[in-house]
Amino acid sequence: LVEKRLPMHLENFGGWLNYPDYYFFWAYKSGHLFNSSNYKNDTIETLVDETLHMETSHPSYADHVKKMIAIAFEEVPRIPLYQPYLDAAMQKNVSGYTAWFHRQLDCRNLKKA
């Protein structure tokens with residue numbers, strides 16, 4: 041993974057933050073560990089650098105994200121096959137479960153009556 045020599049790499053990478061620019065930072069920026077395809081695109085590099093520290097309410101944020109997604113759709117540096125999910129079942133006397141977008145169980149608020 042570090043040397044980027046694999047003929048095919050299947051991974052289960054999902055960002056912990058629910059922002060597209062964060063995902064592009066880790067998965068599409070040149071030299072980053074989760075950029076297993078060793079993808080490099082100068083426009084993506086610039087857009088990620090400009091967008092990463094923007095507020096989502098910034099007038100350019102949505103436009104930058106749409107451009108990054110359009111480039112990824114055009115060049116297909118990785119193929120997302122599925123989005124893993126987390127199933128959680130609890131007894132009736134357990135409360136406080138919180139569902140998170142990053143698919144990790146958060147036990148901090150769980151309570152047993």
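Read in order, the letters of the sequence shown are residues 41 to 153 in this note's numbering. Note that CB positions come from ideal geometry on N, CA and C, so glycine has one too.
Item to check | Assigned secondary structure, residue 88 (DSSP; H/G/I helix, E/B strand, else coil) | outcome: helix
Checklist entry - Given residue 155, which residues of its chain have a CB within under 7 Å of its CB, disregarding the five upstream and five downstream residues? => result With the chain covering 41 to 153 only, the question about residue 155 has no answer from this structure.
Item to check | Spatial neighbours of residue 119 in its chain, beta-carbon cut-off 7 Å, leaving aside the 5 residues before and after | outcome: none
Checklist entry - How long is the line joining the alpha carbons of residue 56 and residue 111, rounded to whole angstroms? => result 23 Å
Checklist entry - Looking at C-beta atoms only, is the number of pairs between the region 117-133 and the region 68-88 that lie closer than 8 Å three or more? => result yes
Next on the checklist: One question on the structure: do residue 105 and residue 73 come within less than 8 Å of each other, judged by their Cβ atoms?
Outcome noted: no
Item to check | Backbone secondary structure at residue 42 - three-state DSSP | outcome: Assigned with DSSP and collapsed to three states, residue 42 falls in coil, not helix or strand.
Next on the checklist: Measuring only the C-alpha atoms, how far is residue 75 from residue 150?
Outcome noted: 35 Å
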